[in-house]
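6 protein chains.
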Amino acid sequence: MHIRIIIPTTAADHVEPDWYDDLGRPGTRLTHVNIERGPRSIESELDEALAVASMLEQVAVAATEDVDAIVIDCMGDPGLAAARELVSLPVVGPAQASMQLAASLAHSFTILTVLDTLGPMFDQLAHRSGLAGKLRSTRSVQIPVLELRNEPEHLMQALIEQSLLAIEQDDAHAIIFGCTGMKGYATRLARELELRGHPRIPVIDPIRAAIALAETLVALGLTHSGQTYPTPPAKEYAGYELSFNPG
Amino acid sequence: MHIRIIIPTTAADHVEPDWYDDLGRPGTRLTHVNIERGPRSIESELDEALAVASMLEQVAVAATEDVDAIVIDCMGDPGLAAARELVSLPVVGPAQASMQLAASLAHSFTILTVLDTLGPMFDQLAHRSGLAGKLRSTRSVQIPVLELRNEPEHLMQALIEQSLLAIEQDDAHAIIFGCTGMKGYATRLARELELRGHPRIPVIDPIRAAIALAETLVALGLTHSGQTYPTPPAKEYAGYELSFNPG
Amino acid sequence: MHIRIIIPTTAADHVEPDWYDDLGRPGTRLTHVNIERGPRSIESELDEALAVASMLEQVAVAATEDVDAIVIDCMGDPGLAAARELVSLPVVGPAQASMQLAASLAHSFTILTVLDTLGPMFDQLAHRSGLAGKLRSTRSVQIPVLELRNEPEHLMQALIEQSLLAIEQDDAHAIIFGCTGMKGYATRLARELELRGHPRIPVIDPIRAAIALAETLVALGLTHSGQTYPTPPAKEYAGYELSFNPG
Amino acid sequence: MHIRIIIPTTAADHVEPDWYDDLGRPGTRLTHVNIERGPRSIESELDEALAVASMLEQVAVAATEDVDAIVIDCMGDPGLAAARELVSLPVVGPAQASMQLAASLAHSFTILTVLDTLGPMFDQLAHRSGLAGKLRSTRSVQIPVLELRNEPEHLMQALIEQSLLAIEQDDAHAIIFGCTGMKGYATRLARELELRGHPRIPVIDPIRAAIALAETLVALGLTHSGQTYPTPPAKEYAGYELSFNPG
Amino acid sequence: MHIRIIIPTTAADHVEPDWYDDLGRPGTRLTHVNIERGPRSIESELDEALAVASMLEQVAVAATEDVDAIVIDCMGDPGLAAARELVSLPVVGPAQASMQLAASLAHSFTILTVLDTLGPMFDQLAHRSGLAGKLRSTRSVQIPVLELRNEPEHLMQALIEQSLLAIEQDDAHAIIFGCTGMKGYATRLARELELRGHPRIPVIDPIRAAIALAETLVALGLTHSGQTYPTPPAKEYAGYELSFNPG
Amino acid sequence: MHIRIIIPTTAADHVEPDWYDDLGRPGTRLTHVNIERGPRSIESELDEALAVASMLEQVAVAATEDVDAIVIDCMGDPGLAAARELVSLPVVGPAQASMQLAASLAHSFTILTVLDTLGPMFDQLAHRSGLAGKLRSTRSVQIPVLELRNEPEHLMQALIEQSLLAIEQDDAHAIIFGCTGMKGYATRLARELELRGHPRIPVIDPIRAAIALAETLVALGLTHSGQTYPTPPAKEYAGYELSFNPG
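Protein chains in written order, with our numbering: chain A, 6 to 252; chain B, 6 to 252; chain C, 6 to 252; chain D, 6 to 252; chain E, 6 to 252; chain F, 6 to 252.
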């Protein structure tokens, strides 16, 4: 099984070659690519809007290769609907995948993200997934995406602090990381929450959730609905060289 | 008052110089511009995704001119949130403007659009406007955008037929045109519905609704919320030459 | 364009002749009238119930004059549905108009009113407008309607304080004044909020919102739906001398 | 136990002296009164608006007598909130009482009323009761209130026909009569539905439901909430002679 | 009228012979029975799951006796839907009955229960009753069911404290006891809340609400819907000796 | 990885030894067990209520063996919450798993089940999963569970016919089988729908969805939330020999 991860930022220098190595199951091959035009990180609707065209070009490329499924590596699920219209192989976004996974395990969840300006965007994503009623709050560690790795212990403490507020003030029963760049902190955060009196809090690492959903879809032979994501009428796109997958 | 209309398609040949002439109030100056890169018409999420970057460039251009408000001339409100993050002058989308106007006049509404594949997109737009509970159905005349003007009487009959079904089967109390290209049919449609036993059905022409909302915002000195649409952190966008309005 | 403002209280002595002078656009003529029977101010459902009959008489009167639209000058929108059944010219209420306007500009809003007992009433009004999901809270300055003008600076400070709580605790992205008597404080409140770190918070003055919506409806030739507000069967009303507009 | 029924119409000639005789439990005394000013029947929001002031005067009168609870005999619950602000003894409306009763027995319900223009009004009432999610549809027999008794068998057949449509097309699991004037048809309708393959369909007679709720409230010593229905500030009502119950 | 109360716990020693004596109206005969297999108290979904089979056996027994209605004496309404499928005489649960009663009197309510782990269960029950929008919060006194009677004054103080938080922080307009074992505290709690500035807060004792609803159903000749609770296909239940009521 | 499938019926004779053989991924070991006391099939809330106690005994047994996750093989998810309180290893129900999977792929879904009496039960399950807004309808083939295998072609035709109605009348974008006994028909149904003009309709086989979710949970080291499913207080269960997993 071959899953292509598309990173909708130009910060290829931030992705070590082995960044995704431990995320798939045995037998899953993960390859990744950054986009060529767009922002170095995604922290706003504007950033997303300027990433999607180049991301869709990579989706079209992947569809011509021996790829079984595509994962968009950004918690805003930028361009997910457009990508699903463009190709018929499964395309998965971490926001949708992690919210569905959290809702499978808990009555409610909080999204714990980088900046506190992203609340309305996650509200829209929760609604799109049908799970607006489960989203208790969006909280943030107030660290920009590209600085997430600078002080790991500072990030860890912020995650603990905000998770405790989410559980104790917002009635969250699970935590979803609101940025795929937070990869690697979930297990320890769950343990720290248990030490503070909250056992068995699911902490969802969204890039793992997305890869797992992609693996499941390939294993079960499923893809996105032709009613929700119909193949668009063929037309000319001035300035783009997209080739359509006829669906 | 100067309102800039941005048409997020490349089909400039479809826009006569006087297309918008009768749409503003006395004292309102309307100018328009097409985008340079993207689709010739918008009929899918893919089309929108490939229109937004070029549309945002035009938003940035307008903000440097003597423009008081911007209207995006497409019923999908493509890039509305990103445009509002980018500039602090009012930016208005026809979908949101026409749904709010319909909800001011009626208990419920149906969107009557070009193709029957656009239902999920309008569901998302209704939710974003907070009005999902008022949207009874999305119906279509099954005529592509660029063919809307080919057979006006055929379009008129399809509008009447679908409006009657919306009222009688879906419990719609108002009709919103789901494409700004349907401009000019609202008054006659309302009259035809009255002749068929349904007096006072508001028929909303979305481009008129959007321009009227832009006029109101300028007159009242209001613009979009800095909490919902915060100015994004400044960053590098490879391949784009956007200049930010510092908000 | 001639808009009749109906004030559903008997406190005509509280309305200076020039009170509405600066609220319309160039070319709009505003006239106003108080009701004859009912409360001196509206601060409860009881007050509304005792204002509506006399208000409807004024609606019927206006419909016989050269009036293009009617605005009810009370944030409870008392008798709005009945008035719309009674006449076919546009009738606008400030609650509905200002909630729709706020939702056009922001993800959420708080209503900032006179007394803290009005929460359930505003919940009902938000639902009637289809916007219950956008209303974060109702807050109050705890000053009765007829004392609003006694200490302007005290009112201003209370508005600032409650707006900050609405933004910081209730996640409100816009503020709507919950009493049309608060006219004149919106611009300064927005500026004060910007000074305190919250730029571009839309502050909606409901009487301005209502007049602007009335102007838009007249300009676009729209009125309320005959499906939502059907002309009632003609009948005898003992004790009233209403004459119906045949719709 | 003494329950006062207030009929918010002037059609006293339509109420036989023994009309309510069989509706209370042993030990319940039922007295009734019509209003003095207002419509002869209630079939619109306008009719309600012109009934409430006179209805509230009767509420104030009842509160000075040896009355334990008040029932408003109209399925629109006109003035219910205002009446509850005015007095502290229980005031019950048939719409709210019958929707709560239906929701106690069934997953969903349809309201079967006189005219098909009342749908939006019942939507509002269902929302006010918190039960909008249970209301599947509003259907009508298309017979004006004052003609309901003219042809009993015609009414019965219309009730059967619309109930079958409600069950089979709208997924209604219970039926609520949408007019208190339909009193006396519930038992036979349930039997007719059973004969047509739908056993145990609760058919709710709203005036019975309202009286039963009033009896329960008196028996349990409960009345409406002072938070939802606070006693209003005392004030002058020009043209009315209401005396307040100090709550 | 004969109402059978089924207590779905094995703690028969906790139920004095006169425990229910003052709860019915004149003319109502109340008999009660504990289940034989299951938990001594119900404080979790597990406890409920292990109580229902034995509870249903008692329902089947009651249906063969001269019983007019059944009340399940537990605030989790365990097995209510199954019991209603099993028999056609009315079966009432205190959660549903008390939420409907509270919603008849107040805009919102809080459930005040024994342990703070029961929140998700009450959310489900509120949804099942259609009243999720009215439930503001679940709060607890943190006293296990079987210790509720040990220190009455401690319980009273905890009820006052949590009710004040419910009203002042959660915007609750009524209080429902979240355990039928709290019987007897409602009247004093309401009085204490009035002394602290909150007059007319309905405090609902759920076992009284359930018995009153059962009395109303018998008086009105109503029972649960055959559409919502259809008689199941007859089948073999290994290990059980249920005899069906043919419905 | 070892997954224990618990079949909450006594119809062990209906489960061939190789029934589950092709459902897991390479490396997954699937074992199964029927309950000892309860119904032969589950077609009502009564059937579920009589299955749960024996099902929970099998959950407790599994937790003492080398089992990594438990799947309940019934589309009603009977006892899921109780089982999750009882043990800390993952427990998965097909209803929740398949609704989350469908919502990941489509804007809406219909559940296609055995009997048309199960609608309210699936409404509750959809709400519990947070996905009530995505469930368009419940439809049935009107074949009892234990007869599903008698006439495979008749079942196939009924599935096609009802799926077409779901897509064309109910606006369903995906189909979920509402009975795990329908295993094996999904691929062909999707193909038949494509032949009839509806390409890429996800058809979800719920037992596969449940096993895939269990595999994902084990692979990611996740289990259900301790906030939603807290370990209950230890207590005596008369008539049961459950041993608790201390969680």
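Cβ coordinates follow ideal geometry from the N, Cα and C atoms, glycine included.
Anticipated Cβ contact below 8 Å, residue i with residue j, distance rounded
i: Val96(A); j: His7(A); result: At roughly 14 Å, the Cβ-Cβ gap does not stay under 8 Å, so Val96(A) and His7(A) are not in contact.
i: Ala306(E); j: Ala214(E); result: Residue 306(E) cannot be examined here, being either before or after the span of chain E that is shown, 6 to 252.
i: Leu130(F); j: Pro237(E); result: About 18 Å separates the two Cβ atoms, so there is no contact after all.
i: Ile180(F); j: Ser168(F); result: 5 Å
i: Val146(F); j: Leu160(F); result: 6 Å
i: Arg141(B); j: Thr115(B); result: 5 Å
Nearest-angstrom Cα separation, counted from residue j out to residue i
i: Val72(C); j: Leu94(C); result: 8 Å
i: Tyr253(C); j: Gly43(D); result: The shown model of chain C, from 6 to 252, leaves out residue 253(C), and the question about it has no answer.
i: Pro235(B); j: Pro207(C); result: 13 Å
i: Tyr25(F); j: Thr185(F); result: 11 Å
i: Ile269(C); j: Ile12(C); result: Here chain C comprises residues numbered 6 to 252, so residue 269(C) is not present and cannot be evaluated.
i: Asn250(C); j: Ser46(D); result: For Asn250(C), the pLDDT reaches just 42, beneath the cut-off of 50, and the residue's location in the model is therefore unreliable, leaving the point undetermined.
i: Tyr242(A); j: Leu28(B); result: 29 Å
i: Gly252(D); j: Glu48(D); result: Unreliable placement is indicated for Gly252(D), whose pLDDT of 41 sits below 50; no coordinate value is reported for it.
i: Pro83(B); j: Thr33(B); result: 24 Å
i: Ala177(D); j: Lys139(D); result: 9 Å
i: Glu70(E); j: Asp128(F); result: 34 Å
i: Leu35(E); j: Leu227(E); result: 19 Å
i: Pro99(F); j: Leu91(E); result: 26 Å
i: Pro22(E); j: His37(E); result: 9 Å
heavy atom of the ligand COA below 7 Å from residue i C-beta
i: Pro207(C); result: For the structure depicted, the ligand COA is absent and the ligand set is empty, with no information on it obtainable.
For residue i, the first and last residue of its enclosing alpha helix (DSSP H)
i: Thr221(F); result: 211–225
i: Ile11(F); result: Taken as a continuous stretch (DSSP letters only), Ile11(F) belongs to no alpha helix (DSSP H), being part of the beta strand (DSSP E) at 7–12.
i: Ile40(E); result: Ile40(E) -> no alpha helix (DSSP H), and no H or E assigned at all.
i: Val76(C); result: Val76(C) -> not in any alpha helix (DSSP H); beta strand (DSSP E) instead, spanning 74–77.
i: Ile165(E); result: 157–175
i: Gly124(F); result: 124–133
i: Thr192(F); result: 191–200
i: Leu110(D); result: 99–110
i: Glu53(F); result: 50–54
i: Glu62(D); result: 57–68
Buried or exposed by the 16-neighbour rule on C-beta atoms within 10 Å, applied to residue i
i: Arg9(C); result: buried
i: Asn39(A); result: buried
i: Thr14(D); result: buried
i: Ala239(C); result: exposed
i: Ala58(A); result: buried
i: Leu61(F); result: buried
i: Asp18(E); result: exposed
Helix, strand or coil at residue i [DSSP, three-state]
i: Leu94(F); result: coil
i: Arg144(F); result: strand
i: Ala16(F); result: coil
i: Ala243(A); result: strand
N- and C-terminal bounds of the beta strand (DSSP E) containing residue i
i: Leu117(C); result: 114–118
i: Met181(F); result: Looking at the sequence itself, residue 181(F) is Ile, so the reference to Met does not match. Its beta strand (DSSP E) spans residues 180–182.
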